[in-house]
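Under the numbering used here, the first residue of the sequence shown is numbered 4, with each subsequent residue one higher. Accompanying notes for the structure given below.
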Amino acid sequence: MSAHPERLTLALQKSGRLAERSLELVREAGLSVVKSANELFFRVENYPVDLLRVRDDDIPTLVGDNVADLGVIGLNVLAEQSHGSGQRAEIVMPLGFGRCDLKIAIPESMEYGGIAALTGRRIATSYPNLLRKFLEERDIAAEIVEMRGAVEVAPRLKLAHAICDVVSTGATLEANGLRAVETVLKSEAVLVRSPVAPADIVKHLLDIVVERFRGVTASRGAKYVMMNAPRAMLGRISEILPGADAPTVVPLVGHDEMVAVHAVCQESVFWETLEQLKAVGASAILVLPIEKML
Ligand code: PRT
Ligand code: ZN
4 MSAHPERLTL ALQKSGRLAE RSLELVREAG LSVVKSANEL FFRVENYPVD
54 LLRVRDDDIP TLVGDNVADL GVIGLNVLAE QSHGSGQRAE IVMPLGFGRC
104 DLKIAIPESM EYGGIAALTG RRIATSYPNL LRKFLEERDI AAEIVEMRGA
154 VEVAPRLKLA HAICDVVSTG ATLEANGLRA VETVLKSEAV LVRSPVAPAD
204 IVKHLLDIVV ERFRGVTASR GAKYVMMNAP RAMLGRISEI LPGADAPTVV
254 PLVGHDEMVA VHAVCQESVF WETLEQLKAV GASAILVLPI EKML
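Rendered as structure tokens:
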């Protein structure tokens, strides 16, 4: 049973790499968060919603055990914890932030002709379950050394030959004389929900919140692009526009060979894209942000 049966509870990371973007998602979904001195809970002013602020590692369990109805968590953490028994938090959708890869990295000086090079080696990681599964699937017998943090220093300390850790820019690997050789998991923040359906009053609210999160996530990075273009070039223009399906084409009065093209681009529109559009004859190109999408 949920801690507050008549309220929707969302578990978010209290501080860390996912904290700010998680809170931003909640705000963009129209929930006004009231920050309070209460370390554990923030209230939402305009809906019966509570934000439970915790360490990210606790979120899969809190949602799996139905203490929270929804949660935002890195797929890496969720997947690592999805090995034991017990109720599981269910993935609703990826959220498009907190992207990183769980990678195996070795010292620059170590030779590497392929994954067989890891046979008989010691690999330090905070992700023993994911690493074990990855190695087993490839029939590699290696020793896993479990570490809580500072995994990247293990090779220098002669604790391990290699590491398996989360990488985003790669700067940490480089600073420690390591290079990535295998990708164990591609990760991003995901929205998870409790396996137990909430009471009816909360269920309705939960559906609304999930739909709004979907809208916020979909419109992020999406752009509305408008331009004038030669009718003959419409095919090329559709190819150039990133992630746009079926642009709207409007005739221009007095210009039979020219049309106005309007399209929603799901991906970022870069200067290169605009230059390509110009090169095929487009003019008066406008790129507008999209605030909401449903
Ligand atoms: O206190 P709490 O337990 O809540 O937080 P935490 O310290 O366990 O996690 P936190 O806030 O560091 O990360 C939360 C989540 O962010 C992770 O579980 C990932 O899903 C995601 N994420 C995205 C990252 C990174 N990018 C990342 N770069 N998590 C960790 N890192 C670390 C990595 O471990 C390594 O030490 O950053 C370093 C590498 O970064 P680069 O840029 O040098 O490659
Ligand atoms: Zn953590």
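All residues carry an ideal CB built from backbone N, CA and C; glycine is no exception. None of these values were measured; they are calculated from a predicted model.
Any heavy atom of the ligand PRT closer than 7 Å to the CB of Thr12? Taking the first residue of the sequence shown as position 1, residue 12 is located at position 9. Not one heavy atom of the ligand PRT sits closer than 7 Å to the Cβ of Thr12.
If you follow the alpha helix (DSSP H) that Gly238 is in, where does it begin and where does it stop? If you number the sequence shown from 1, residue 238 lands on position 235. Unbroken alpha helix (DSSP H) run through Gly238: Leu237 to Ile243.
Starting from the N-terminal end, write out each residue whose C-beta falls within a distance shorter than 7 Å of any non-hydrogen atom of the ligand ZN. Here the residues come out as Gly19, Arg58, Asp59, Asp60 and Val80.
Give me the residue from Ile240, Arg196 and Ala202 with the minimum Cα distance to Asp68. The count along the sequence shown starts at 1 and reaches residue 68 at position 65. The option with the nearest alpha carbon to Asp68 is Arg196.
Exposed unless 16 or more other CB atoms sit within 10 angstroms - verdict on Leu138: On the sequence shown, residue 138 is found 135 positions in, with the first residue counted as 1. When all chains shown are included, Leu138 counts as buried.
Cut-off 8 Å between Cβ atoms - residues of its own chain near Val148, not counting five sequence neighbours on either side: Start at 1 with the first residue of the sequence shown, and residue 148 comes out as number 145. Annotation for Val148: Arg125, Ile126, Ala127, Thr128, Ala157, Leu162 and Ala163 place their beta carbon closer than 8 Å to its own, counting only its chain and skipping 5 residues before and after.
According to DSSP, is Thr276 helix, strand or coil? Along the sequence shown, one-based indexing puts residue 276 at 273. Helix, per DSSP.
Can you look up His258 in the DSSP assignment and give me helix, strand or coil? Residue numbering aside, residue 258 sits at position 255 when the sequence shown is read from its first letter. Strand.
By Cβ distance, which residues of its chain are closer than 6 Å to Pro131, with the 5 residues on each side in sequence left out? For the purposes of this step, residue 131 is taken as the residue at position 128 of the sequence shown. Excluding positions up to five away in sequence, the list reads Ile147 and Glu149.
Span of the alpha helix (DSSP H) around Ser286: The count along the sequence shown starts at 1 and reaches residue 286 at position 283. Looking at the DSSP string, Ser286 is not in any alpha helix (DSSP H); the run it does join, the beta strand (DSSP E), is Ser286 to Pro292.
Which ranges would you report for the beta strand (DSSP E) in the stretch 34 to 70 if only whole runs of at least 3 residues count? 44 to 47 and 52 to 57
Under 7 Å: does the beta carbon of Ala225 sit that close to some heavy atom of the ligand GDP? Looking for the ligand GDP in the displayed structure turns up nothing; the ligands present are the ligand PRT and the ligand ZN.
Sequence-distant residues of its chain with Cβ nearer than 6 Å to Thr12 (five each side left out): Taking the first residue of the sequence shown as position 1, residue 12 is located at position 9. The residues are Asp53, Leu55, Ala71 and Asp72.
Taking the alpha-carbon positions, what's the Ile240 to Val283 distance? For the purposes of this step, residue 240 is taken as the residue at position 237 of the sequence shown. For the purposes of this step, residue 283 is taken as the residue at position 280 of the sequence shown. Whole-angstrom Cα-Cα distance: 8 Å.
For the ligand PRT, I want to know if Thr175 counts as a neighbour, meaning its beta carbon is within less than 7 Å of at least one of the ligand's heavy atoms. Counted from its first residue, the sequence shown places residue 175 at position 172. Yes, the ligand PRT has a heavy atom inside 7 Å of this Cβ.
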